[in-house]
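Asks: Under numbering that gives the first Met the number 0, the first residue of the sequence shown carries the number 0, and numbering increases by one thereafter. Here a beta-carbon is modelled for each residue, glycine too, at the ideal position from N, C-alpha and C.
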Amino acid sequence: MENFIAYNPTKVHFGKGVTNELGKIAKTFGTKVLFVYGKGSAVKNGYYDKILKQLTDADLHVVEFSGVKPNPVTDDADAAIKIGIDNEVDMVVALGGGSVIDTAKVVAAAIPAKATSWNVMTHKVQITKSLPLIAVLTLAATGTEMNAFAVLQNHQTNEKIGWGTAFSYPKHSFLDPEFTYSVPKHYTSFGISDLIAHVFENFFGIGEASLTDKISAAIISDAMHYAPLVLAVPNNYDYRANIMWLSTVALNGTTAHGRKYGDWGVHAIGHTLSMMFDTPHGASLSVAYPAWLRLHKATIAPRIERLSELVFGKADADYFILELEKFFISIESPVRMSELGIGKEKRVEILTLMNQNKVSGSVCKMGNTEHEKVLGLMYGDTV
Ligand code: NZQ
Ligand code: ZN
0 MENFIAYNPT KVHFGKGVTN ELGKIAKTFG TKVLFVYGKG SAVKNGYYDK ILKQLTDADL
60 HVVEFSGVKP NPVTDDADAA IKIGIDNEVD MVVALGGGSV IDTAKVVAAA IPAKATSWNV
120 MTHKVQITKS LPLIAVLTLA ATGTEMNAFA VLQNHQTNEK IGWGTAFSYP KHSFLDPEFT
180 YSVPKHYTSF GISDLIAHVF ENFFGIGEAS LTDKISAAII SDAMHYAPLV LAVPNNYDYR
240 ANIMWLSTVA LNGTTAHGRK YGDWGVHAIG HTLSMMFDTP HGASLSVAYP AWLRLHKATI
300 APRIERLSEL VFGKADADYF ILELEKFFIS IESPVRMSEL GIGKEKRVEI LTLMNQNKVS
360 GSVCKMGNTE HEKVLGLMYG DTV
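Below you can see the structure in the form of structure tokens.
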């Protein structure tokens with residue numbers, strides 16, 4: 000087992016009606032709120048009204064930034080930062096999925112520094128503090144509600160990068176599974192693919208830790224168990240609750256304990272597709288993961304076999320990859336580039352950006368040759 004620090008300062012409020020406490024808690028952080036949300040789902044489904052009422056009933060002054068897009072962009076973050084600075088806000092409240100909460104994390108760090116989002120994310124500006132962030136999660140997937148990471152796209156530099164600081168954990172996160180009843184089937188599936196991918200990224204890093212390995216396998220098994228149930232009955236409280244908590248625990252540090260670092264090469268591949276084609280994050284991962292496993296099977300065979308034994312009761316790498324692919328297909332999360340609508344004529348363009356952005360992993364390194372091979376496998380070529 001590798002040395003590690005277990006630390007997570009986010010206070011999670013989980014369950015039915017938990018947002019009823021939000022106003023009271025927000026009031027402890029000041030009087031002026033920057034309220035950030037997405038393109039429409041929060042308003043359409045009544046979550047916006049609920050949270051706004053909490054804030055106004057607590058006599059808080061609210062300014063808003065709405066319209067954060069999936070695969071969020073630095074331009075939106077910069078517009079929100081300006082509103083926050085102009086109105087001298089004391090805190091940020093984010094209502095949405097990963098895209099909204101990630102944007103809010105960068106905004107909360109950039110406002111006190113009066114900096115642009117990109118200067119913050121590329122560490123050109125040193126961050127020493129962040130405005131308090133309160134997150135209300137509406138989509139189970141990324142784990143952002145209980146971690147310090149944010150991922151934004153910069154269309155000027157053609158990069159989608161991750162960032163995080165010790166100050167970027169949400170102070171409070173409200174997780175009411177009922178807020179996820181309205182998530183459409185495809186995004187429910189992509190969220191499940193994403194949470195499974197987070198467990199993999201840590202598992203295929205460096206460090207074998209018996210308990211963490213078993214927790215990791217349990218998360219994957221439970222996700223595979225609840226996935227068909229929640230897709231069949233989207234407004235079942237227990238199904239949504241289980242998926243919601245699984246996605247939080249998949250990337251809140253738990254699956255990294257006892258490991259030195261994860262691999263994260265598949266996320267780097269996925270970010271390239273999201274950057275170029277606006278591919279939903281989880282959909283990019285269900286295409287890339289089976290391909291990546293096939294490419295690196297020889298290097299990490301003992302780890303794949305271990306996970307296969309824990310999840311499927313059979314220590315066999317080929318079996319594991321096939322079962323994983325079958326699972327993604329069963330929940331209609333794509334497994335080939337054609338399902339993402341990305342034709343083979345894009346191959347060269349994708350390879351160029353992968354190369355430019357130095358797409359690689361920590362354990363399974365990738366250069367031009369590996370990029371070509373993994374992309375080929377994603378298109379359905381054989382090894
Ligand atoms: O924009 P609105 O109208 O709100 O619609 C959203 C969006 O279209 C919709 N949605 C969200 N909650 C809903 C809902 N629709 C109906 N009912 C609800 N309750 O779902 C769509 C996708 O939302 P988005 O926030 O983009 O999805 P997700 O949570 O999967 O976030 C993806 C982003 O997070 C990043 C990804 O790269 C991507 O940019 N990630 C963040 C991580 C982190 N901070 O730790 C780690 C991840 O690996 C990932 O990279
Ligand atoms: Zn992810």
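Once you ignore the five residues that flank Phe34 on each side, which residues in its own chain have a CB closer than 6 angstroms to its CB?
Replies: The sequence position of residue 34 within the sequence shown is 35, counting from 1. Once the five neighbours on either side are set aside, the close Cβ partners of Phe34 are Val61, Glu63 and Val92.
Asks: Would you mind stating whether Ala134 and Gln125 have Cβ atoms separated by less than 9 angstroms?
Replies: The count along the sequence shown starts at 1 and reaches residue 134 at position 135. The count along the sequence shown starts at 1 and reaches residue 125 at position 126. Their beta carbons are not under 9 angstroms apart, which means Ala134 does not touch Gln125 by this criterion.
Asks: Let's see if you can read the secondary structure: which residues bound the alpha helix (DSSP H) around His383?
Replies: The structure shown does not extend to residue 383, since the chain is modelled only from 0 to 382, so the question has no answer here.
Asks: So the candidates are Ala109, Ala196, Val334 and Lys357; which of them puts its Cα closest to the Cα of Gly379?
Replies: For this step, residue 379 is matched to residue 380 along the sequence shown. Comparing Cα-Cα distances from Gly379 to each of Ala109, Ala196, Val334 and Lys357, the minimum goes to Val334.
Asks: For Ile195, count neighbouring Cβ atoms within 10 angstroms of its own Cβ and tell me buried if that reaches 16, exposed if not.
Replies: Within the sequence shown, the letter at position 196 stands for residue 195. Classification of Ile195: buried, given that the 10 Å Cβ count is 16 or more.
Asks: On the criterion of 16 or more Cβ atoms from any shown chain inside 10 Å, does Pro289 qualify as buried, or is it exposed?
Replies: Taking the first residue of the sequence shown as 1, we reach residue 289 at position 290. By the neighbour-count rule (16 or more Cβ atoms within 10 Å), Pro289 is buried.
Asks: Who are the near neighbours of Glu322 in its chain, counting only those whose CB is closer than 6 angstroms to its CB and skipping five residues on each side?
Replies: Mapped onto the sequence shown, residue 322 falls at position 323. So the qualifying residues of the chain are Phe311.
Asks: By Cβ distance, which residues of its chain are closer than 8 angstroms to Asn19, with the 5 residues on each side in sequence left out?
Replies: Position 20 of the sequence shown, counted from the start, is the residue given in the question as residue 19. Gln53, listed in sequence order.
Asks: Going by the beta-carbon positions, is the gap between Thr141 and Ser273 smaller than 9 angstroms?
Replies: Position 142 of the sequence shown, counting from 1, holds the residue named residue 141. Position 274 of the sequence shown, counting from 1, holds the residue named residue 273. Not a contact, by the Cβ cut-off of 9 angstroms.
Asks: Give a yes or no on whether the C-beta atoms belonging to Asn153 and Val72 are separated by under 9 angstroms.
Replies: To locate residue 153, count along the sequence shown from 1; it is residue 154. To locate residue 72, count along the sequence shown from 1; it is residue 73. Cβ atoms of Asn153 and Val72: closer than 9 angstroms.
Asks: Helix, strand or coil for His12, going by three-state DSSP, please let me know.
Replies: For the purposes of this step, residue 12 is taken as residue 13 along the sequence shown, with counting starting at 1. Strand at His12.
Asks: What first and last residue would you give for the beta strand (DSSP E) that runs through Val150?
Replies: Start at 1 with the first residue of the sequence shown, and residue 150 comes out as number 151. Note, Val150: beta strand (DSSP E), Phe148 to Asn153.
Asks: At a cut-off of 8 angstroms, would you count Ala176 as near the ligand NZQ, judging by its Cβ distance to the nearest heavy atom?
Replies: Stepping through the sequence shown from its first residue, residue 176 is reached at position 177. A small correction: the amino acid at residue 176 is Pro; Ala does not occupy that position in the sequence shown. Checking the Cβ of Pro176 against the ligand NZQ gives no.
Asks: State the start and end residues of the unbroken beta strand (DSSP E) segment that holds Leu33.
Replies: Translated into positions along the sequence shown, residue 33 becomes position 34. Segment Lys31 to Tyr36, the beta strand (DSSP E) holding Leu33.
Asks: What would DSSP say about His185, mapped onto helix, strand or coil?
Replies: Residue numbering aside, residue 185 sits at position 186 when the sequence shown is read from its first letter. Here His185 sits in helix by DSSP.
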